[in-house]
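Residue numbers (the numbering used here): 71 to 183.
Here it is in structure tokens:
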């Protein structure tokens, strides 16, 4: 699942997709961090071994205007590239420690991977 997400999103941010943690130091932005909030069994179809992944995508940029355009692009990529993905919600916030704006997108993805 992580590799599928990274592959789908990498072109949008010139390969700056990371798992769990935004690396320290000088980075070029925007950058995306993928986090798995939870994985729960999906018992809707007994004959299939599905799990529901709750995925959080954190997008960082110094310019908040860029994040508003990234939101739509990421939603489109997720729908087209990741089967059974559904957006739960979206938040915007500012991270004063790193002086970056952050877009938080949460998705549920049903998958057998």
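The beta carbon of each residue, even a glycine, is placed where N, CA and C say it ideally should be. Please read all numbers here as calculations on a predicted model, not as lab measurements.
Check	Outcome
Where does residue 80 fall in DSSP's three states?	helix
For residue 101, count the other beta carbons within 10 Å of its own beta carbon; 16 or more makes it buried, fewer makes it exposed. Which is it?	buried
Around the Cβ of residue 91, are there at least 16 other Cβ atoms within 10 angstroms (buried) or fewer (exposed)?	exposed
Is the number of C-beta pairs between the region 172-181 and the region 126-133 that are closer than 8 Å three or more?	yes
Do you know offhand how far residue 154's Cα is from residue 93's?	30 Å
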